[in-house]
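Below you'll find the structure, written out as structure tokens, and then a few comments.
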Amino acid sequence: MFQSFFSDYLEKLQESNQKWFKDLEQGKAAVNTPLNKAMQEMSINDTTQLLENAANQPAAMLQVQMQWWEKQLEIWQNVALASNCEDIVGPEKDDKRFQDKSWQDEAFYSFIKQSYLLFGRTFLETINAVEGLDEKAKERLTFFSRQAINAMSPSNFIGTNPELFRLTLEQNGENLVKGLEQLQEDLESSSDILKVRMTNNNAFRIGEDIANTPGDVVYQNELFELIQYRPMTEKVNATPLLVVPPFVNKYYILDLREKNSMMRWLVEQGHTVFMMSWRNPGEQQRNVEFGDYVTEGVVKAVTAIEDITGQSQINAAGYCIGGTVLASTIAYYAAKRMKARVKSASFFTTILDFAQPGEVGAYINDSVVNAIEAQNTEKGYMDGRSLSVTFSLLRENSLYWNYYVDNYLKGNSPVDFDLLYWNSDSTNVAGATHNFMLRELYLNNNLVKDKGVKIGGVWIDLNKIKVPTYFISTKEDHIALWQGTYRGALNVGGNKTFVLGESGHIAGIVNHPSRNKYGYWVNSELSESADEWFESASHNTGSWWLHWDKWLEAYSPKEKIEPYAQGSENFPVLTVAPGNYVKQVLPIEPKTEKPEPTKAPVKAEA
């Protein structure tokens, strides 16, 4: 019954292999890159350090091995001799890899599962048991060992996954044929590492299904487009609100569908909202620097908003690295001794002090940064597809391997999910900008140092930020560790409010009040320690959006006013939102790097 399957499967496999080898010849999948060499060298050095220290602690290592052997024997006796279905070693509560009943009920699969889990935990415990290891080396060894262990999970292979084995028999292998077709497509759309699709890439249309809050593009330069959302209330707050999204992702994470769009909700509350939509850089933008996102980005946006609204001050909010840019802008204004053009600043999961960056820190050391800088200098940009996979691998089981199994081994079509569509819609980072972020921010942590970062010809100082600030971070954030963002909040001056939301980097921020899903913690007293702050914090149900909106009320006149006109004489409406930059998709070819022109020329650039 498998004759048809084998002929179809082998044909698809041959096509895939031919494509793979062609890519190897063209250098797309080459392994001799500076980054790979640096990673290999780092791995060898860390492993050597581990083995040398372990050799000096034979008693501790013997104890770990004996504990493993005793537990392994116990698993064997429990499964094979007693036929007991109770796990000696079970998966973590949030581990969804072993949910099929056969992992529990059938002795063969139960033994495989428990032996694998025991091996993984013992391996990581061995690393932690070795004394004398450099702390950074131990973090890297733990992180990359976890990656390897999870890649080897029996749930990732047909022969050791009962659900996959049963499915393959039932479908005569058709699931593998379908999966291989999807693998071929993903290989073609990937960069230097396989990017597994998470959703149907044709499921949503930007400006129609998502990013559809009504608005107009009122300014455009080579770096960004400025969207002014149209009012939805008869009266609006007098003080406009500028939102600065991260330039490593597209802005519409804050404007997905109506049911979870922060932008639509803010407009419905009477805010006059402006959003920056960053250009997706290609090779021609290789020299765009981090400081340009301040001087040619936020500064230009603020000037345009002042002209359109007639207000001399605005409220501003920045998300992730967009918040880092916003803080740098306010510090830049202070360094230039300019008037306070930002009345209040809000920071969503924003790192200012990079001493505690979270698991992404495993990639940050001098040799790896040197290698990435060399690649960025040669290519002109960091490919957003590779960057996306890097962040997915921070949560490899839930954001990578589960999709690998579903798509390629089960042959399932990806679901239609707006958040995952956004996550797959990657953006590049300009080479000079990415190099600055890695070395000056992550590696050297210069942003919190005196005369550590110069922007627009002046040294900036976060302590000179005196405007009221609102920091929202999330408890399960693996990209911007909340204890690290808390440290950053301590580095700015002025009146500070720190709030900790439930869930993670995305779901904890995109938390519409109508869903009433995640709560948050507040504590008006900022301790020197994040843990001390949390111990005294009070938990609140409902979305933090409501708490933030109430906080924003203090920084706008109580009396509402008539809505502002869309655009102005100096900054006329150019086209309807969401504009052109957000529609740029990877890969960006040099001949198509320049987006479609807007309907009218920009009259002033401020």
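Note that the working numbering has the sequence shown beginning at 52, numbered continuously upward. For every residue, glycine included, the Cβ atom is placed at its ideal position computed from N, Cα and C. Note that the structure is predicted; figures quoted are calculated from it, not measured.
Taking 4 residues as the shortest admissible run, the stretch 309 to 346 contains the following complete alpha helix (DSSP H) segments, listed from N- to C-terminal end: 313 to 319. Non-local beta-carbon contacts of residue 309 in its own chain, meaning distances under 7 angstroms to residues more than five positions away in sequence, involve 315 in chain order.
In this structure, the alpha-carbon of residue 151 lies about 14 angstroms from that of residue 456.
About 12 angstroms separates the beta carbon of residue 275 from that of residue 294, a gap too long to meet the 8 angstroms contact definition. At least 8 angstroms separates the beta-carbon of residue 85 from that of residue 153. Sorting 258, 483, 590, 374 by C-alpha distance to the C-alpha of residue 395 places 374 at the top.
At a cut-off of 4 residues, the continuous stretches assigned as alpha helix (DSSP H) that sit fully inside the stretch 377 to 434 are 417 to 430.
Pairing residue 383 with residue 139, the inter-Cα distance amounts to about 58 angstroms. Ranked by Cα distance from residue 440, the options 474, 459, 425 are led by 474. A check of alpha carbon separations from residue 268 across 464, 261, 279 identifies 279 as the nearest.
Positions of the alpha helix (DSSP H) runs, each at least 4 residues long and wholly inside the stretch 424 to 483, are given as 435 to 443, 469 to 475 in order along the chain.
Annotation: residue 307 is outside any beta strand (DSSP E) and is labelled neither H nor E by DSSP. Contact check between the stretch 471 to 485 and the stretch 299 to 313: three or more CB pairs, one atom from each, fall below 8 angstroms, which counts as touching.
In the three-state reduction of the DSSP assignment, residue 615 falls in the coil class.
Boundaries of the alpha helix (DSSP H) around residue 115: 109 to 127. Spanning the alpha carbons of residue 446 and residue 435 requires a straight line of approximately 18 angstroms. With a cut-off of 8 angstroms on Cβ pairs, the stretch 396 to 409 is in contact with the stretch 519 to 533, counting three or more such pairs.
Between the alpha carbons of residue 332 and residue 480 lies a gap of roughly 6 angstroms. DSSP lists 271, 328 as the bridge partner or partners of residue 276. For the options 127, 519, 100, 177, the alpha carbon positioned closest to that of residue 115 is the one of 177. For residue 216, the enclosing alpha helix (DSSP H) covers residues 213 to 221. One thing to note: residue 552 has its Cβ within 8 angstroms of the Cβ of residue 571.
Annotated as proximal: residue 286 and residue 611, with beta-carbon spacing under 8 angstroms. Proximity to residue 495 across 443, 266, 417 peaks at 417, based on C-alpha coordinates. The three-state reading of DSSP puts residue 264 in coil, since its state is none of H, G, I, E or B. Beyond the five residues adjoining it in sequence on each side, residue 444 comes within less than 8 angstroms, by CB distance, of 198, 450, 451 in the same chain, given in chain order. One thing to note: residue 323 has its Cβ no nearer than 8 angstroms to the Cβ of residue 265.
In terms of Cβ geometry, residue 629 and residue 262 form a close pair [threshold 8 angstroms].
In this structure, residue 148 lies near residue 204, with their beta-carbon atoms less than 8 angstroms apart.
The alpha carbon of residue 221 has as its nearest neighbour, out of 104, 462, 340, the alpha carbon of 462. Following the DSSP letters along the chain, one finds residue 200 inside the alpha helix (DSSP H) bounded by residues 186 to 202. In terms of Cβ geometry, residue 584 and residue 523 do not form a close pair [threshold 8 angstroms]. Linking residue 237 to residue 438 through their CA atoms gives a straight-line distance of about 16 angstroms. Out of 141, 106, 559, 162, the CA that lies nearest to the CA of residue 132 is found in 162. By a beta-carbon distance limit of 8 angstroms, residue 342 contacts residue 506. Their separation comes to about 4 angstroms.
Take residue 328, set aside five residues on each side of it, and the residues of its chain with a beta-carbon closer than 7 angstroms to its own are 275, 276, 278, 302, 629, 630, 632, 633, in chain order.
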